[in-house]
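Enquirer:
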Amino acid sequence: AFITKFANKRINDMNPVYNPYNPGAGALPPELAGREEILRNVQVSFERLKLGRPAKSMVLLGLRGVGKTVLLDTIRNKAEELGLRSMRIEAPEMKSLPALLAPELRKVLLGISVHEQARSLAQRALKGLAGFARALKVKYNDIEVGFDQEPEPGLADNGDLDQDLQDLFEAVGRAAQQAETAIVICIDELQYVQEKELAALITALHRCSQLQVPILMIAAGLPQLRGLMGEAKSYSERLFDYPFIGALKPEDSQKAIEEPARKEQVLYEQDAVSFILEKTEGYPYFLQEWGKQAWNVAKASPITLADVKDATDLVMANLDEGFFKVRFDRMTPSEKAYLRAMAELGKGPSRSGDIARLLNREVTSLAPTRASLIKKGMIWSPNHGDTAFTVPLFDAFMRRMMPEWKA
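In this note's numbering, the protein residues as written are 1021 to 1427.
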């Protein structure tokens, strides 16, 4: 009785227990605003896949903090709701693609094998997975997967990732087809997959498309991923859709701030919302952080301009220690100097020559530093000779962290 009474209690003050905002890496916001078109397109692709019709794989591109991971998880949930089989992996910088795929494919196949009409094909695919893992174990010694079947000689066991992954995907896809379902492979941080492995993945998905085998990939990564995929396989431009996930439009930003509070019977003054939109520039992660701190600072509804201004120091402290500094701490002194020179030039993109001039260096001598920062996912190249931050508002953070900087 006490628990029920507490759960149903409505309070007038801004109790942090009822704070609806949810900043965090990959945390689902209370209001997923501004992504409706992408979700509609994905829904169409999944429905086509269920009917055995061709559907394009998709790669979500965007900066840090725009909600790619949240969107990817939402898409995966949609696949499951429609009766599709899904798998979710995140590509770390130091793990091979076969090691990521193998255990997830095993789980999918075990699920398919419960369907009587698909059992034999699922078991054959499990044999293919066993051969795949054993043959590639020498080259990729981080593969760890249980074997439910003995390998079938000649099925995905050549020890050549490019060919074996095609054979394995075909066997897995045929089992899904027989079970009257489809498989959606969700991969986050795809830019960290090595080029040869990325090429093998693209080739296998291309083969699935040619054979009309029901396997689809929905991936997410930083903006440079499109170029990396093009370098791995030139036809990847035609094989995938590449929607860019950017900052929210003002009306969607306002919705992301106001709707969660409104559901808790709390309102905002319009100038308070305008202040938040200006400071966050519409980036979803920052909207959540500002909403959370403004709620905690406010004494009552409506949340005022004074409240959100008072929350500013808390917001910036949280962003600096969490969102920004964790990335800053991974940088070498030369990389920090490069990023500080970029910050001196503003939000960017910055020309490589201008960065070199500030550092009193030749452009060619800075090429290794630039390449290292791209590999670490800190910067990217929107156009030839241009360099931009992958983390929104990072220029202001660098100026705060290194205020007395000199080249």
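For glycine and all other residues, C-beta sits at the position ideal for the given N, C-alpha and C. It should be emphasised that the depicted structure is a prediction, and the values quoted were computed from it without experimental measurement.
Tell me the DSSP secondary structure of phenylalanine 1344 in three-state form.
Expert: Within the sequence shown, numbered from 1, the residue matching residue 1344 stands at position 324. In this structure, phenylalanine 1344 counts as helix in the three-state DSSP scheme.
Enquirer: Please list, in chain order, all residues of the same chain as isoleucine 1207 whose beta carbon is under 7 Å from its beta carbon, the five residues on each side excluded.
Expert: For this step, residue 1207 is matched to residue 187 along the sequence shown. Correct list, in chain order: Ile1109, Ala1111, Met1237, Ala1239.
Enquirer: Looking only at its own chain, which residues have a Cβ that is under 7 Å from the Cβ of alanine 1195, when we skip the five neighbours before and after it?
Expert: Mapped onto the sequence shown, residue 1195 falls at position 175. Around alanine 1195: Leu1129, Ile1132, Ala1138, Leu1141, Ala1142, Ala1145.
Enquirer: Threshold first: 4 residues or longer. Then list the alpha helix (DSSP H) segments lying entirely within the segment 1173-1230, N to C.
Expert: Segments of the alpha helix (DSSP H) lying fully in the segment 1173-1230: 1181-1198.
Enquirer: Comparing alpha-carbon positions, which option in Phe1414, Arg1420, Arg1419 lies nearest leucine 1083?
Expert: The count along the sequence shown starts at 1 and reaches residue 1083 at position 63. The option with the nearest alpha carbon to leucine 1083 is Phe1414.
Enquirer: Restricting to runs no shorter than 4 residues, where is the alpha helix (DSSP H) found entirely within the segment 1087-1140?
Expert: Complete alpha helix (DSSP H) runs here, min 4: 1088-1101, 1117-1132.
Enquirer: Is threonine 1407 closer than 7 Å to glycine 1397 when the C-beta atoms are compared?
Expert: Numbered from 1 along the sequence shown, position 377 holds the residue referred to as residue 1397. Numbered from 1 along the sequence shown, position 387 holds the residue referred to as residue 1407. Cβ distance not < 7 Å, so glycine 1397 and threonine 1407 don't count as in contact.
Enquirer: Quick check on leucine 1287: buried or exposed, where buried means 16 or more other Cβ atoms within 10 Å of its Cβ?
Expert: On the sequence shown, position 267 is the one that residue 1287 refers to. Leucine 1287 comes out exposed.
Enquirer: With DSSP as the reference, label asparagine 1032 as helix, strand or coil.
Expert: Counting from one through the sequence shown, the residue named residue 1032 turns up at place 12. Reliability fails at asparagine 1032, whose pLDDT of 48 lies under 50, so the model's placement of it is uncertain and the value that follows must be treated cautiously. Coil, per DSSP.
Enquirer: Please report the straight-line C-alpha distance between phenylalanine 1295 and valine 1134, rounded to a whole angstrom.
Expert: Your numbering for residue 1295 matches position 275 in the sequence shown. Your numbering for residue 1134 matches position 114 in the sequence shown. So the alpha carbons of these two residues sit roughly 55 Å apart.
Enquirer: Whose C-alpha, out of Leu1359, Arg1419, Gly1044, is nearest the C-alpha of valine 1086?
Expert: What you label residue 1086 is simply residue 66 of the sequence shown in a count that begins at 1. Checking every option, the nearest Cα to that of valine 1086 belongs to Gly1044.
Enquirer: Report the rounded CA-to-CA distance for arginine 1246 versus alanine 1318, giving the unit in angstroms.
Expert: Here the question's residue 1246 lines up with position 226 in the sequence shown. Here the question's residue 1318 lines up with position 298 in the sequence shown. The straight-line gap from Cα to Cα measures roughly 43 Å.
Enquirer: Would you say leucine 1125 and isoleucine 1265 are within 7 Å of each other, going by their C-beta atoms?
Expert: Here residue 1125 corresponds to residue number 105 of the sequence shown, with the count starting at 1. Here residue 1265 corresponds to residue number 245 of the sequence shown, with the count starting at 1. Contact flag unset, no.
Enquirer: My output table needs one value for valine 1079: the three-state DSSP class, helix, strand or coil.
Expert: Taking the sequence shown and counting its residues from 1, one reaches residue 1079 at position 59. Residue state, collapsed to three classes: strand.
Enquirer: Give me the Cα-Cα distance between tyrosine 1212 and glutamate 1113, rounded to the nearest whole angstrom.
Expert: For the purposes of this step, residue 1212 is identified with residue 192 of the sequence shown, where counting begins at 1. For the purposes of this step, residue 1113 is identified with residue 93 of the sequence shown, where counting begins at 1. C-alpha separation (whole angstroms): 5 Å.
Enquirer: Could you round the C-beta distance between alanine 1122 and leucine 1091 to whole angstroms and report it? I think they count as a contact, below 8 Å.
Expert: Locating residue 1122 in the sequence shown gives position 102, counting from the first residue. Locating residue 1091 in the sequence shown gives position 71, counting from the first residue. That pair is no contact at about 26 Å.
Enquirer: From the DSSP output, in three-state form, read off leucine 1236 for me.
Expert: The residue you call residue 1236 lines up with position 216 of the sequence shown. Strand, per DSSP.
Enquirer: If contact is defined by three or more beta carbon pairs under 8 Å, each pair taking one atom from either stretch, is the segment 1359-1371 in contact with the segment 1313-1329?
Expert: These segments do not touch.
Enquirer: Quick test of your reading: glycine 1193 and glutamate 1172, contact by CB under 8 Å. State the CB separation rounded to the nearest angstrom.
Expert: Here residue 1193 refers to the residue found at position 173 of the sequence shown. Here residue 1172 refers to the residue found at position 152 of the sequence shown. About 16 Å; that fails the 8 Å criterion.
Enquirer: Within its chain, find whatever has a CB closer than 6 Å to the CB of threonine 1324; leave out the 5 residues flanking it on each side and keep chain order.
Expert: As a first step, residue 1324 is located in the sequence shown; it is residue number 304 there, counting from the start. Same-chain partners within the cutoff: Glu1289, Ala1292.
Enquirer: If you follow the beta strand (DSSP E) that threonine 1407 is in, where does it begin and where does it stop?
Expert: Along the sequence shown, one-based indexing puts residue 1407 at 387. Residues 1406-1409.
Enquirer: Helix, strand or coil for phenylalanine 1026 per DSSP?
Expert: Within the sequence shown, numbered from 1, the residue matching residue 1026 stands at position 6. Because phenylalanine 1026 sits at a pLDDT of 36, beneath the cut-off of 50, its placement in the model cannot be relied upon, and the following sentence gives the value as read from the coordinates. It is helical.
Enquirer: Considering only their Cβ atoms, is the gap separating tyrosine 1038 from glutamate 1209 smaller than 7 Å?
Expert: Start at 1 with the first residue of the sequence shown, and residue 1209 comes out as number 189. Start at 1 with the first residue of the sequence shown, and residue 1038 comes out as number 18. No, the pair does not count as a contact, with Cβ atoms beyond the cut-off.
Enquirer: Does the segment 1045-1062 come close enough to the segment 1173-1187 to have 3 or more Cβ pairs within less than 8 Å?
Expert: Flag = no, the segment 1045-1062 and the segment 1173-1187 do not touch.
Enquirer: Let me confirm a value: glutamate 1298 is counted as buried when at least 16 other C-beta atoms fall within 10 Å, else exposed. Which label applies?
Expert: Position 278 of the sequence shown, counted from the start, is the residue given in the question as residue 1298. Glutamate 1298 comes out exposed.
Enquirer: Quick one: grab the DSSP three-state call for phenylalanine 1264.
Expert: Here residue 1264 refers to the residue found at position 244 when the sequence shown is read from its first residue. Phenylalanine 1264: strand per DSSP, three-state reduction.
Enquirer: Write down every uninterrupted run of the beta strand (DSSP E) in the segment 1314-1365 whose length is 3 residues or greater and which is fully enclosed by it, in chain order.
Expert: Segments of the beta strand (DSSP E) lying fully in the segment 1314-1365: there are none.
Enquirer: In the DSSP output, what is tyrosine 1288 paired with across the bridge?
Expert: Sequence index remark: in the sequence shown, residue 1288 carries index 268 (1-based). Tyrosine 1288 pairs with Ile1323.
Enquirer: Taking 8 Å as the cut-off, does the segment 1330-1340 touch the segment 1067-1081 (at least 3 CB pairs, one atom from each stretch)?
Expert: Touching, no, given that fewer than three Cβ pairs across the two stretches are closer than 8 Å.
Enquirer: Which same chain residues end up closer than 6 Å to phenylalanine 1260 when comparing Cβ atoms and leaving out the 5 residues on each side of it in sequence?
Expert: Counting from one through the sequence shown, the residue named residue 1260 turns up at place 240. Excluding residues within five positions, the ones whose Cβ falls inside 6 Å are Ser1077, Val1079.
Enquirer: Give me the Cα-Cα distance between lysine 1367 and alanine 1267, rounded to the nearest whole angstrom.
Expert: Taking the sequence shown and counting its residues from 1, the one referred to as residue 1367 is at position 347. Taking the sequence shown and counting its residues from 1, the one referred to as residue 1267 is at position 247. Answer to the nearest angstrom: the Cα atoms are 15 Å apart.
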